[in-house]
Structures are given as C-alpha cells and as structure tokens.
Amino acid sequence: MKSRLLARWRRLRARLRPPFTLKVTRSGRTYLVVTFGVGLGALNTGNNLLYLLLGLLLAMVVVSGVLSERCLRHLDIRRLGTESAFAGEPFAHRWALTRRRGATFALTLAEADVPLTGEGRVGYLPPGAEYTVRADLQAPQRGPLRLSGVRATTTWPLGLFAKTRVFALEGMLLVYPRRGYACHLPEEARVGAFGDASSPRRHDGTGDVAGLRELAPGEDARRVHWLKSAGAGKLLKVEREREERRTFVLKVAADLEGDGLERRCEEVAALCHQLLKEGHEVGLETKAERLQPAAGGHQERRILRSLAWLGFEALREERPKEAA
Numbered sequence: 019m020k021s022r023l024l025a026r027w028r029r030l031r032a033r034l035r036p037p038f039t040l041k042v043t044r045s046g047r048t049y050l051v052v053t054f055g056v057g058l059g060a061l062n063t064g065n066n067l068l069y070l071l072l073g074l075l076l077a078m079v080v081v082s083g084v085l086s087e088r089c090l091r092h093l094d095i096r097r098l099g100t101e102s103a104f105a106g107e108p109f110a111h112r113w114a115l116t117r118r119r120g121a122t123f124a125l126t127l128a129e130a131d132v133p134l135t136g137e138g139r140v141g142y143l144p145p146g147a148e149y150t151v152r153a154d155l156q157a158p159q160r161g162p163l164r165l166s167g168v169r170a171t172t173t174w175p176l177g178l179f180a181k182t183r184v185f186a187l188e189g190m191l192l193v194y195p196r197r198g199y200a201c202h203l204p205e206e207a208r209v210g211a212f213g214d215a216s217s218p219r220r221h222d223g224t225g226d227v228a229g230l231r232e233l234a235p236g237e238d239a240r241r242v243h244w245l246k247s248a249g250a251g252k253l254l255k256v257e258r259e260r261e262e263r264r265t266f267v268l269k270v271a272a273d274l275e276g277d278g279l280e281r282r283c284e285e286v287a288a289l290c291h292q293l294l295k296e297g298h299e300v301g302l303e304t305k306a307e308r309l310q311p312a313a314g315g316h317q318e319r320r321i322l323r324s325l326a327w328l329g330f331e332a333l334r335e336e337r338p339k340e341a342a
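Per the numbering used here, numbering through the sequence shown is continuous, rising by one, with the last residue being 342.
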C-alpha cells in the first residue's frame, strides 16, 4: 500500500512540475550582484552611461535564458540502462540522445527523483545525430528503483544560470547487493541429486594426468600425446581426471529484516560468486522463491536478481500491471 501511494505521489509531482526550472550558478550570483549595484548607481547619479550598462547587463540575462531554453528543446532521449548495478559501486549507465533540429551545447544528463549519484555530460550535439551519453552512477542500497524521468541541464551560453528540463521516461533499475568478501565457505554440500555435479571422477576432464590409452575411433584427436604415440607406434590419448563438483544451496532466513537482511544478502552474493567461480553448482532458498542448483554466470545473475528483489515483493507484483 505504501509503495502504491509513493508511486501515485511521484506521478502527481511529475505532472505539476513546470517544464523548465532555473537555478542560479555561483558566477550568476556574482553577475546579479554587480547588476544590482550598477542599477543603484544609475538611480543615484543619473548617469546615462550607467543606464546603458545596466540595460546591457539585463539584456545578457534575457539572452542567456532564451538560448539555454533553446538548447533543451527538440531533444529525444532513450534510456539504454546498464548491464549490472551493485550497491555502493559505480556502474556505467547510458542514454541515447538525439537532436531533431538545431544544436545543443554543454548538456548534463542524470536520473530524476531517485537516490542515484552521478551524471553524464556532452559538450556539443549536432542536429540529426544520435549520441550515447555515459555516466558513472552509484546507488546507496540494493533493491528495485523506479525511474520516472531523465533530467537534462545546460549552463550555456554564459554559465550564469543552470536551466533544467525533466523528460518523462518510465523504467526500472534493479540494484544487486553490495559485493563483499565471504569469510568462510559453507561446509555442508548436497551431493548426488543434481545431474553431473555429483558424479564420480572420470577420465575426461581437465585435471591431473591419469594415464594413457589407445585412441578409439571417433574420439577427439586433440587429446593425443604425439611424443608417446611416436614411440609406441600407435595413437595414445591422454586421460585427465575430472574434478568432482559439489552442490550448495544457500539460504536466507525468512525472519531477517533491516540491516540483518542486508548483511545476509551481501554474504550470500559473495558466497555465490566464489562457489560458481570454482565450478560448483549453487542454489538459493528464500521466503519468496527457490532456485534449483546450477552452474555458470547465468545462475549467478538469477541469484543476484532474486536477492535484489528480496524484501520488495510488493513492487515485484505491481511491475506487470505497470508494464501493461
């Protein structure tokens, strides 16, 4: 219920947001102080030169506002996203930027209304060309982040004001648990129930040399030991031991909450990475789902996604409705 209210509040805030927002930069504040001082001097002295100077300063403010607003018009932005995002670590995030007509200068892109730090920059964007903007963003914690829009900001031409426009662009960013170090590996492993993981050692692996035997018809000739074959007068194949793989099932207790849940997710993510790197099969059991043990990078991605959604099941249920 709370997540739905937050989503509605974000949509309402996006509708009420003005198309352009303006922020005075540090140089702009100095410029405005000087302009105000020149205006006071012109009123007290009645000097026509000061009036002309004041008019020039005010005209530059107007020109700066018009040109900066022109830079933010006729823009098309697509979110390309990222391959993987881990909490507390910078990750590469990309947008595709296109200018339909005219050119854009000194543009900065960032995600709006989400706790992501970092931004991407582009100095010059010609009309009709698509440019990929890359930014190193960082998320403070794991979990799904609803992306509502992309914030484009420019300080062109004088750097006095930073004009911003938010482009509405819905999306979802799934942040994986923080990557740390596993203090110890689990001692218990389940053996004998999942495919080839528990099969005994066989002589067709990549381990130590177990012996030589004559090459049978149809077998791979790359295993032939040519030096020994020349001495024996026949083709001899090298047999190597296959190292036995073990099967682990990592568990996250259903009663964990808050910092305890975060620490457990980080520990499970580290254990999963280390075990899969060593060639073992790893599964996962949580209160929300159960993943069967498997090996490889695809299994690690599945486990990381499950850990990222842990504790945010309500948002996961709402996702298909919003996508529809």
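Glycine residues also receive a C-beta, built at the ideal position from the N, C-alpha and C atoms.
Of all alpha-carbon atoms in A332, G46, L279, the one lying nearest the alpha-carbon of R196 is that of L279. Counting only runs that start and end inside the region 122-186, the beta strand (DSSP E) elements of at least 3 residues fall at 122-129, 138-143, 148-155, 161-172.
Residue range 93-99 is occupied by the beta strand (DSSP E) that includes R97. Membership of A250 in any beta strand (DSSP E) is not indicated; the residue belongs instead to the alpha helix (DSSP H) covering 244-250. By the neighbour-count criterion, in which 16 or more other beta carbons inside 10 Å mark a residue as buried, P133 falls on the exposed side. Linking S86 to G167 through their CA atoms gives a straight-line distance of about 20 Å.
Residues Y49, V52, T53, V56 of the same chain have their beta carbon placed closer than 8 Å to that of L75, with the five preceding and five following residues left out of the count. When rounded, the separation of the alpha-carbon atoms in A77 and Y69 is 12 Å.
A153 is not a Cβ neighbour of L115, given a cutoff of 8 Å. Annotated three-state conformation of L289 is helix, per DSSP. Shortest Cα-Cα distance from D94 to any of R264, W113, T63, L58 involves W113.
If you draw a straight line from the Cα of N66 to the Cα of A60, it is about 8 Å long.
Cβ-Cβ separation between L165 and G189: approximately 4 Å, consistent with a contact (criterion under 8 Å). For L294, same chain residues with a beta-carbon under 8 Å away, outside a window of 5 residues either side, are V300, A313, G314, G315, Q317, E318 in chain order.
Boundaries for L115: no alpha helix (DSSP H) harbours it, while the beta strand (DSSP E) harbouring it runs 109-117, taken from the DSSP string.
Rounded to whole angstroms, E303 and V286 show a C-alpha spacing of 11 Å. Using a 10 angstroms sphere on the CB of H92, the tally of other CB atoms stays under 16, which defines it as exposed. With a beta-carbon spacing of about 6 Å, T173 and T43 fall inside the 8 Å limit used to define contacts. The secondary-structure analysis by DSSP pairs M190 across a beta bridge with R164.
Secondary-structure assignment with DSSP links K255 through a beta bridge to R231, V242. In the three-state DSSP reduction, L67 falls in the helix class (H, G or I). For A103, the pairing in a beta bridge is given by DSSP as V193.
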